[in-house]
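K.L.:
All the letters of the sequence shown, read from the start, carry residue numbers 6 to 203 under full-length UniProt numbering. Here a beta-carbon is modelled for each residue, glycine too, at the ideal position from N, C-alpha and C.
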Amino acid sequence: DVTVGVLALQGDFDAHLQTIRKLGLHAKEVRSQRDLEEVDALILPGGESTTIGKLLARTGLDVAIRDRGQAGMPIYGTCAGMILLAHTIEGRPEQPTLDLMDIAVARNAFGRQIESFEADIPFDFGAEVVPIRAVFIRAPYVTKVGPDVRILSKFQDKIVAVRQGNLLATAFHPELTDNLRLHALVAEMARNYRASRG
Ligand code: GLN
6 DVTVGVLALQ GDFDAHLQTI RKLGLHAKEV RSQRDLEEVD ALILPGGEST
56 TIGKLLARTG LDVAIRDRGQ AGMPIYGTCA GMILLAHTIE GRPEQPTLDL
106 MDIAVARNAF GRQIESFEAD IPFDFGAEVV PIRAVFIRAP YVTKVGPDVR
156 ILSKFQDKIV AVRQGNLLAT AFHPELTDNL RLHALVAEMA RNYRASRG
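#1: Is the beta carbon of M78 closer than 8 Å to that of L47?
#2: Under a Cβ-count criterion, where at least 16 other Cβ atoms within 10 Å of its own Cβ denotes burial, should E133 be classed as buried or exposed?
#3: Determine the closest residue to L187 out of I70, A62 and I137, with distance taken between C-alpha atoms.
#4: Residue range of the alpha helix (DSSP H) that M78 falls in?
#5: Assign V68 to one of three DSSP states: helix, strand, or coil.
#6: Give me the Cα-Cα distance between T102 and T182, rounded to the nearest whole angstrom.
#7: May I ask whether a heavy atom of ligand 1 can be found less than 7 Å away from the beta carbon of A85?
#8: Taking the runs of the alpha helix (DSSP H) that are 4 residues or longer, which of them lie wholly in the stretch 15-62?
#9: Going by the DSSP bridge assignment, what does G10 pair with across the sheet?
#10: When we look at the beta-carbon of E180 and count the other beta-carbons within 10 Å, is it buried (16 or more) or exposed?
#11: Please classify G116 as buried or exposed, where buried requires at least 16 other C-beta atoms within 10 Å of its C-beta.
#12: Give me the Cβ distance between V150 and I108, rounded to the nearest whole Å; I'm assuming they're in contact under 8 Å.
#13: Could you tell me if A56 is buried or exposed, where buried requires 16 or more neighbouring beta carbons within 10 angstroms of its beta carbon?
#14: Under a three-way DSSP split, which group does P101 fall into?
#15: CB-CB under 7 Å to D129, same chain, minus the five flanking residues each way: which ones, in chain order?
#16: Within the continuous alpha helix (DSSP H) that includes V165, where are the two ends?
#17: Taking 7 Å as the cut-off, does the CB of I142 come closer than this to any heavy atom belonging to ligand 1?
#18: Less than 8 Å between the beta carbons of R112 and I94, yes or no?
#19: Could you have a look at A192 and say whether DSSP puts it in helix, strand or coil?
#20: Going by DSSP, name the residue or residues bridged to E123.
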């Protein structure tokens, strides 16, 4: 079956690795370009997007991940990972991103006084809309989407989950709940990607 990689430079990558293993899949920590070559999909975890961005540049993983994302490998970003996938960060033109998704995001957008909260929010899985438990921690939200971006979930009128082809992003952390559906979706995307490559 497929190998799902988790970028393991900083942040809550361990929770993602455990969730992937709960699905019975092979999980791989990605710290180098060599590691990246072995995966069929990549998860960018939550953490501190400025720090992760610096480490991406230092390891050359920024270019390598961008290349694979543009070549169709599924990438799923949660929270800081969503920020890294975005084209634009509101008010921070100097912060580098991978610039893979046609979205703009605002960091820490729910207000600094609200460090974290949980909510059950409707999520569009294509065939059905299902409520899922969402954990938000100093979360961003999406302020703009391009024409190819599908909005999958909103919370209080704010866009908190999006998909653009092989790229998926949520402002919240499913890996901190026992809901496996988002990771199962990534696994399905990885299988399709692998099948398409032959
Ligand atoms: N606030 C963090 C950032 O802007 C993201 C928080 C998280 O990933 N839980 O990088």
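P.N.:
Short version:
#1: For the purposes of this step, residue 47 is taken as the residue at position 42 of the sequence shown. For the purposes of this step, residue 78 is taken as the residue at position 73 of the sequence shown. By the CB criterion at 8 Å, L47 and M78 fall inside the cutoff.
#2: For the purposes of this step, residue 133 is taken as residue 128 along the sequence shown, with counting starting at 1. With fewer than 16 Cβ atoms within 10 Å of its Cβ, E133 is classed as exposed.
#3: Within the sequence shown, residue 187 is the residue found at index 182, counting from 1. Residue I137 holds the alpha-carbon nearest to the alpha-carbon of L187 among I70, A62 and I137.
#4: Position 73 of the sequence shown, counted from the first residue, corresponds to residue 78. Where M78 is concerned, there is no enclosing alpha helix (DSSP H), given that its DSSP letter is neither H nor E.
#5: Position 63 of the sequence shown, counted from the start, is the residue given in the question as residue 68. In the displayed model, V68 falls within a helix according to three-state DSSP.
#6: Your numbering for residue 102 matches position 97 in the sequence shown. Your numbering for residue 182 matches position 177 in the sequence shown. About 27 Å.
#7: Here residue 85 is taken as the residue at index 80 of the sequence shown, counted from 1. Yes.
#8: The stretch 15-62 contains these whole alpha helix (DSSP H) runs: 18-27 and 38-42.
#9: In the sequence shown, residue 10 corresponds to position 5, counting from 1. G10 is bridged by DSSP to K33 and L47.
#10: Taking the first residue of the sequence shown as 1, we reach residue 180 at position 175. Buried is the label assigned to E180, since at least 16 other Cβ atoms lie within 10 Å of its Cβ.
#11: For the purposes of this step, residue 116 is identified with residue 111 of the sequence shown, where counting begins at 1. Exposed, because fewer than 16 other Cβ atoms sit within 10 Å of the Cβ of G116.
#12: Counting from 1 along the sequence shown, the entry for residue 150 is found at position 145. Counting from 1 along the sequence shown, the entry for residue 108 is found at position 103. At roughly 5 Å, the Cβ-Cβ gap stays under 8 Å, so V150 and I108 are in contact.
#13: For the purposes of this step, residue 56 is taken as the residue at position 51 of the sequence shown. Note on identity: in this sequence residue 56 is Thr, with Ala being the wrong assignment. Looking at its Cβ environment, which holds fewer than 16 other Cβ atoms inside 10 Å, T56 is exposed.
#14: Position 96 of the sequence shown, counted from the first residue, corresponds to residue 101. Looking at P101 - three-state DSSP - the assignment turns out to be coil, as it is neither helix nor strand.
#15: Residue numbering aside, residue 129 sits at position 124 when the sequence shown is read from its first letter. Within the same chain, D129 has close Cβ partners L157 and S158.
#16: In the sequence shown, residue 165 corresponds to position 160, counting from 1. Note, V165: premise wrong, no alpha helix (DSSP H); beta strand (DSSP E) at K163 to Q169.
#17: Within the sequence shown, the letter at position 137 stands for residue 142. I142: yes, Cβ under 7 Å from ligand 1.
#18: Your numbering for residue 112 matches position 107 in the sequence shown. Your numbering for residue 94 matches position 89 in the sequence shown. Result yes, Cβ atoms of R112 and I94 sit closer than 8 Å.
#19: As a position in the sequence shown, residue 192 is number 187, starting the count at 1. DSSP places A192 in helix when its eight states are reduced to three.
#20: Counting from 1 along the sequence shown, the entry for residue 123 is found at position 118. Residue pairing by DSSP places E123 opposite V140 in a beta bridge.
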